[in-house]
Structures are given as structure tokens and as C-alpha cells.
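Heads up, the thing below is written out as C-alpha cells.
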Amino acid sequence: MIDKDMLDRTVAFHGHLCPGLLIGLRSAIIALAHFGTGRASDEELIAIVENRACGVDALQVVLGTTAGKGNLFFKNHGKQVVTVGSRLTGKAVRISLRRQEELSRAEKTERLMTASDGELFDVVEVEMDFPSKAKVFRSVACDDCGEGTMETALRLLEGRKLCEPCFEMAMTSKDFFPPKG
Ligand SMILES: [Zn+2]
Ligand SMILES: [Zn+2]
Numbered sequence: 023m024i025d026k027d028m029l030d031r032t033v034a035f036h037g038h039l040c041p042g043l044l045i046g047l048r049s050a051i052i053a054l055a056h057f058g059t060g061r062a063s064d065e066e067l068i069a070i071v072e073n074r075a076c077g078v079d080a081l082q083v084v085l086g087t088t089a090g091k092g093n094l095f096f097k098n099h100g101k102q103v104v105t106v107g108s109r110l111t112g113k114a115v116r117i118s119l120r121r122q123e124e125l126s127r128a129e130k131t132e133r134l135m136t137a138s139d140g141e142l143f144d145v146v147e148v149e150m151d152f153p154s155k156a157k158v159f160r161s162v163a164c165d166d167c168g169e170g171t172m173e174t175a176l177r178l179l180e181g182r183k184l185c186e187p188c189f190e191m192a193m194t195s196k197d198f199f200p201p202k203g
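Under our numbering, read the sequence shown as residues 23 to 203, first letter to last.
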């Protein structure tokens, strides 16, 4: 059974209930149970997802692996697979959706709500190379627009430190490539 409160919060965040969201939600619940832990308030859990689909939003809500904290990583494999790792134990688990027979959307939703973990997913422990923790860099003013910019994102142009948009603008402006003659 999917916890009603968890389902409601996930749907509220995502905007609608759909099979993809349920795949993410079921995966997230499996991961929490596997590690015997709660939602990550910091970076103690990390998730590597192999798609950019609805289910990723459930991972953000339930696992606390979020775009903003830097503990959510994407591989664009187009597969319904997520690998979740715990920095506390150094262990990781790969959760992949088993191939499903062709079903209507309503049937898929029903199945994802009621079928057992084992009917839906293959779950295996795997080795994980943990990505280094998200770094915090100094913010430096762009020499053109003056906006604070993470120093590693600045571009150098004739001794000036520019943010990416200002760098692109300078490179395409006529002043930078004056007409010959
Ligand atoms: Zn969706
Ligand atoms: Zn700028």
C-alpha cells in the first residue's frame, strides 16, 4: 500500500497523477525501506536517474534527492531505472522497472498502485562511485552586467571576467570583430 499522505504530497508537487510518477514513487519507497532511512535533509542520499521523466519528481519529494541540493544526477538513457546510494553506509541499490505488458493508462496506474514490489521492479545491490559533494564557490561580479556569478562559471575575454550571456554577447558583437579596412 502506498502511504496516502506521501502520494498526496507527490501529486501536489508534480501536478497530476500519472504512471510515470507512480514508478518514481514506488522506487523511492523501496529505496527508503532498503536503507531504513527517512528523506535526505542534506546529501546523505544520492539518486542517479536514467531518464528525465515524471518519476523524477517523486524522488525529489520522497527521497529528498533534489535538483537544488546537488544529490540528483541524470543519465539520459531513456530507461525507468534509478540507482540510490547512501553516503552513510557507502551502499547503493539499483531499482529498475520490469518490462510490463501493454496496458492502457488506467490499467497501468491501477497496477502501479496495487502490484507488489517484486512484480514491478528488479532490485539489486550495486557498487557505486559516489560523486563528490556539491561545492560552494565564491560569487564574483561580471565585469559587464555586474551580476554576481559563480567564479567557476565566468569566462575570460581580453582580461575581463564575463558571465556566460555577456561573453556570448561580446563574441557576437561587431565591435569584437571590426570590419577589415
Ligand atoms: Zn506526470
Ligand atoms: Zn554579465
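Positions of the beta carbon are idealized from the N, C-alpha and C atoms, including for glycine.
- Where does Ala55 land, buried or exposed, given buried means 16+ other C-beta within 10 angstroms? Stepping through the sequence shown from its first residue, residue 55 is reached at position 33. Exposed: under 16 other Cβ atoms inside 10 Å.
| message | Measuring straight from C-alpha to C-alpha, what distance separates Ile68 and Val115? | response | One-based indexing of the sequence shown puts residue 68 at position 46. One-based indexing of the sequence shown puts residue 115 at position 93. Going by the C-alpha atoms only, they are around 11 Å apart.
Requested in this report: Leaving out five residues on either side along the sequence, give the residues of the same chain with a beta carbon under 6 Å from the beta carbon of Val103.
Outcome: Counting from one through the sequence shown, the residue named residue 103 turns up at place 81. Excluding residues within five positions, the ones whose Cβ falls inside 6 Å are Glu72, Ser118.
Residue range of the alpha helix (DSSP H) that includes Met193: Position 171 of the sequence shown holds residue 193. Note, Met193: alpha helix (DSSP H), 186-194.
Q) How many whole angstroms separate the CB atoms of Leu292 and Arg61, which I take to be in contact at a CB cut-off of 8 Å? A) No answer is possible for residue 292: the residues shown for the chain start at 23 and end at 203.
- Query: Considering only residues of the same chain and omitting the five flanking positions on each side of Leu184, which have a CB-CB separation below 8 Å?
  - Reply: Against the sequence shown, residue 184 aligns to sequence position 162. Taken in chain order, the residues that qualify are Cys164, Asp165, Asp166, Leu176, Arg177, Leu178, Ala192.
CA-to-CA distance, Met172 to Arg182, given in whole angstroms: Counted from its first residue, the sequence shown places residue 182 at position 160. Counted from its first residue, the sequence shown places residue 172 at position 150. So the two alpha carbons sit approximately 15 Å from each other.
Could you name the residues that DSSP lists as bridge partners for Ser126?
As a first step, residue 126 must be located in the sequence shown, where it is residue number 104. Ser126 pairs with nothing; no bridge assigned.
Notebook entry, point to check: For Thr174, which option in Phe159, Thr59, Met150, Gly42 has the closest C-alpha, if you only look at C-alpha atoms?
Noted result: Within the sequence shown, residue 174 is the residue found at index 152, counting from 1. Residue Phe159 is the option with its Cα nearest to Thr174.
query = Can we count Gly170 as close to ligand 1, meaning its CB is less than 7 Å from some heavy atom?
reply = Against the sequence shown, residue 170 aligns to sequence position 148. Outside the cutoff, so no.
Can we count Gly42 as close to ligand 1, meaning its CB is less than 7 Å from some heavy atom? Start at 1 with the first residue of the sequence shown, and residue 42 comes out as number 20. Checking every heavy atom of ligand 1 against the Cβ of Gly42, one is found closer than 7 Å.
Quick check: does the Cβ of Cys167 come within less than 7 Å of any heavy atom belonging to ligand 1? Along the sequence shown, read from residue 1 onward, the residue named residue 167 stands at position 145. Flag unset: Cβ of Cys167 not near ligand 1.
* Asked: DSSP beta-bridge partners for Asp208?
  -> Here the chain comprises residues numbered 23 to 203, so residue 208 is not present and cannot be evaluated.
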